[in-house]
Amino acid sequence: MSLLKFESMLKTNSIYFFDLVEFEEIIIHYLDAGKHALAKKAVKLGLQQHPASIDLKLLQVEIYVIEDKLDKASMTLRIIERLEPNNDEVFIQKASISSKKGNHIKAIELFKKALTFTDDKADVWSLLGMEYLYVDDFKNARLTFQKCIKADVEDYAALYNIVYCFDMEKEHKAAIVYLNSYIDVNPYCEVAWHQLGRQYFILEMYTEALSS
Numbered sequence: 016m017s018l019l020k021f022e023s024m025l026k027t028n029s030i031y032f033f034d035l036v037e038f039e040e041i042i043i044h045y046l047d048a049g050k051h052a053l054a055k056k057a058v059k060l061g062l063q064q065h066p067a068s069i070d071l072k073l074l075q076v077e078i079y080v081i082e083d084k085l086d087k088a089s090m091t092l093r094i095i096e097r098l099e100p101n102n103d104e105v106f107i108q109k110a111s112i113s114s115k116k117g118n119h120i121k122a123i124e125l126f127k128k129a130l131t132f133t134d135d136k137a138d139v140w141s142l143l144g145m146e147y148l149y150v151d152d153f154k155n156a157r158l159t160f161q162k163c164i165k166a167d168v169e170d171y172a173a174l175y176n177i178v179y180c181f182d183m184e185k186e187h188k189a190a191i192v193y194l195n196s197y198i199d200v201n202p203y204c205e206v207a208w209h210q211l212g213r214q215y216f217i218l219e220m221y222t223e224a225l226s227s
């Protein structure tokens, strides 16, 4: 309902009041849909109506990062950090900026710091795991993605990344052990069965591969 109201407002050039939660929902909807120009308009209007909102400023930072306006993003984050030094999203966005600049070691440090403040560790573990992949630290990437699986057994992106790490480490026997233990927990997972068969095939264990 608030989305329709916002789009109606844009068409008629009227100004309607939205509460903070409505603005956040509208902006996140547009970001998820890849409609960054509309998200940007919603942030601008949101900050006009709620200028003290840290959450809206953090969404503004996210848009700056998407647009590669990294200096503006960093400047806004410095202001937010002074107000809320323990805000996990500050460190997540700082890590994203470091990653975009190719400084993956710094990004790893910042994501680790975010983990000390966040309640949603699984999302941060996923981002941290990708940073480890960027620097070819396959062991730490694998261990981090395994934490994602413990949080959500159906996180198949994490499962693919774990198997990829085992492949890069040439630890196919360890991959088989891990996949079998995963299948014990999630026995109907086609992804896991397919990956298990592939590991057996790599080791030329064709009978086991056919039964997987």
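Whatever position you read off the sequence shown (first residue = 1), add 15 for the working numbering.
Positions of the beta carbon are idealized from the N, C-alpha and C atoms, including for glycine.
Below 8 Å on the Cβ atoms is my contact criterion, and I expect residue 106 with residue 121 to pass it. Report the Cβ-Cβ distance as a whole number of Å.
The sequence position of residue 106 within the sequence shown is 91, counting from 1. The sequence position of residue 121 within the sequence shown is 106, counting from 1. The C-beta distance from residue 106 to residue 121 rounds to 11 Å, too long to fall under 8 Å, and the pair is not in contact.
Of the residues 80, 220 and 100, the one placed nearest residue 114, counting alpha carbons only:
For the purposes of this step, residue 114 is taken as the residue at position 99 of the sequence shown. If we check each option's Cα against that of residue 114, 80 comes out closest.
Just the Cα atoms here: how many angstroms apart are residue 34 and residue 62?
Counting from one through the sequence shown, the residue named residue 34 turns up at place 19. Counting from one through the sequence shown, the residue named residue 62 turns up at place 47. The alpha-carbon atoms of residue 34 and residue 62 are separated by roughly 11 Å.
From residue 177 to residue 65, what does the alpha carbon distance come to, in whole angstroms?
In the sequence shown, the residue the question calls residue 177 occupies position 162. In the sequence shown, the residue the question calls residue 65 occupies position 50. For the pair residue 177 and residue 65, the Cα-to-Cα distance works out to about 43 Å.
Please state whether the Cβ-Cβ distance between residue 197 and residue 164 is less than 9 Å.
To locate residue 197, count along the sequence shown from 1; it is residue 182. To locate residue 164, count along the sequence shown from 1; it is residue 149. Yes, the pair counts as a contact, with Cβ atoms nearer than the cut-off.
What are the complete beta strand (DSSP E) segments, minimum 3 residues, inside the stretch 63-111?
With a minimum length of 3 residues, no continuous beta strand (DSSP E) run stays inside the stretch 63-111.
Can residue 137 and residue 123 be called in contact, C-beta distance under 9 Å?
Counted from its first residue, the sequence shown places residue 137 at position 122. Counted from its first residue, the sequence shown places residue 123 at position 108. Contact flag unset, no.
Report all residues from its chain with a CB closer than 7 Å to the CB of residue 223; omit the five preceding and five following residues, and keep chain order.
Here residue 223 corresponds to residue number 208 of the sequence shown, with the count starting at 1. Cβ within range, chain order: 215.
Look at the Cβ atom of residue 76, then the Cβ atom of residue 108, and state whether they are nearer than 9 Å.
For this step, residue 76 is matched to residue 61 along the sequence shown. For this step, residue 108 is matched to residue 93 along the sequence shown. Contact: yes.
Residue burial classification, residue 153 (beta-carbon count within 10 angstroms, cutoff 16)
Residue numbering aside, residue 153 sits at position 138 when the sequence shown is read from its first letter. Sixteen is the threshold: when 16 or more other Cβ atoms of the shown chains lie within 10 Å of the Cβ of residue 153, as they do, the residue is buried.
Alpha carbon to alpha carbon, what distance is there between residue 130 and residue 46?
The count along the sequence shown starts at 1 and reaches residue 46 at position 31. The count along the sequence shown starts at 1 and reaches residue 130 at position 115. So the two alpha carbons sit approximately 24 Å from each other.
Going by Cα to Cα distance, which pick from 132, 149 and 93 is closest to residue 117?
Numbered from its first residue, the sequence shown carries residue 117 at position 102. Comparing Cα-Cα distances from residue 117 to each of 132, 149 and 93, the minimum goes to 149.
Short Cβ contact (9 Å threshold) for residue 173 with residue 181
In the sequence shown, residue 173 corresponds to position 158, counting from 1. In the sequence shown, residue 181 corresponds to position 166, counting from 1. Not closer than 9 Å, so no.
Assuming residue 219 is part of the alpha helix (DSSP H), what are its boundary residues?
What you label residue 219 is simply residue 204 of the sequence shown in a count that begins at 1. No alpha helix (DSSP H) contains residue 219, which DSSP labels as neither H nor E.
If you draw a straight line from the C-alpha of residue 126 to the C-alpha of residue 27, how long is it?
Taking the first residue of the sequence shown as 1, we reach residue 126 at position 111. Taking the first residue of the sequence shown as 1, we reach residue 27 at position 12. When rounded, the distance between both Cα atoms is 43 Å.
Terminal residues of the alpha helix (DSSP H) in which residue 179 lies:
Against the sequence shown, residue 179 aligns to sequence position 164. First-last of the alpha helix (DSSP H) with residue 179: 171-184.
Where the alpha helix (DSSP H) containing residue 50 begins and where it ends:
Within the sequence shown, the letter at position 35 stands for residue 50. Residue 50 -> no alpha helix (DSSP H), and no H or E assigned at all.
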